[in-house]
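Colleague:
Residue numbers (our numbering): 898 to 969.
(1) Please name the residue, chosen from 933, 920 and 924, that lies closest to residue 956 on a Cα-to-Cα basis.
(2) Does the distance from the CB of residue 900 to the CB of residue 918 come in under 8 Å?
(3) Enumerate in chain order the residues of its own chain whose CB-to-CB distance from residue 904 is below 6 Å, with the five nearest sequence positions on each side excluded.
(4) When the Cα atoms are used, what is the spatial distance from residue 943 to residue 953?
(5) Specify the secondary structure class of residue 939 as computed by DSSP and reduced to three states.
Written out as structure tokens, the structure reads:
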């Protein structure tokens with residue numbers, strides 16, 4: 898599942914959704930996740946959302962933190 902499913906009715910403004918989507922795609926690419934039905938992609942999406950809820954709005958920083966969290 899792509900991040901879009903998690904963002905429906907999320908209350909994030911369009912600019913933030915765009916940032917989160919970019920971070921999700923970057924993190925997914927860095928982790929080598931090509932299969933969107935892989936459960937790990939759901940974890941990546943949820944982590945992007947979790948970190949965005951803390952106020953992070955830089956897609957690069959979001960992706961870096963997501964990758965670091967998943968690789969632990």
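Glycine included, every Cβ here is placed at the ideal spot set by N, Cα and C. Everything numeric in this text was worked out from a predicted model, so none of it was measured.
Modeller: So, from the data block:
(1) Here residue 956 is taken as the residue at index 59 of the chain shown, counted from 1. Nearest C-alpha to residue 956: 920.
(2) By 1-based counting over the chain shown, the position of residue 900 is 3. By 1-based counting over the chain shown, the position of residue 918 is 21. Yes, these two residues count as a Cβ contact at 8 Å.
(3) Within the chain shown, residue 904 is the residue found at index 7, counting from 1. Excluding residues within five positions, the ones whose Cβ falls inside 6 Å are 914.
(4) Indexing the chain shown from 1 puts residue 943 at position 46. Indexing the chain shown from 1 puts residue 953 at position 56. Approximately 14 Å, taken between the alpha carbons.
(5) Start at 1 with the first residue of the chain shown, and residue 939 comes out as number 42. Helix at residue 939.
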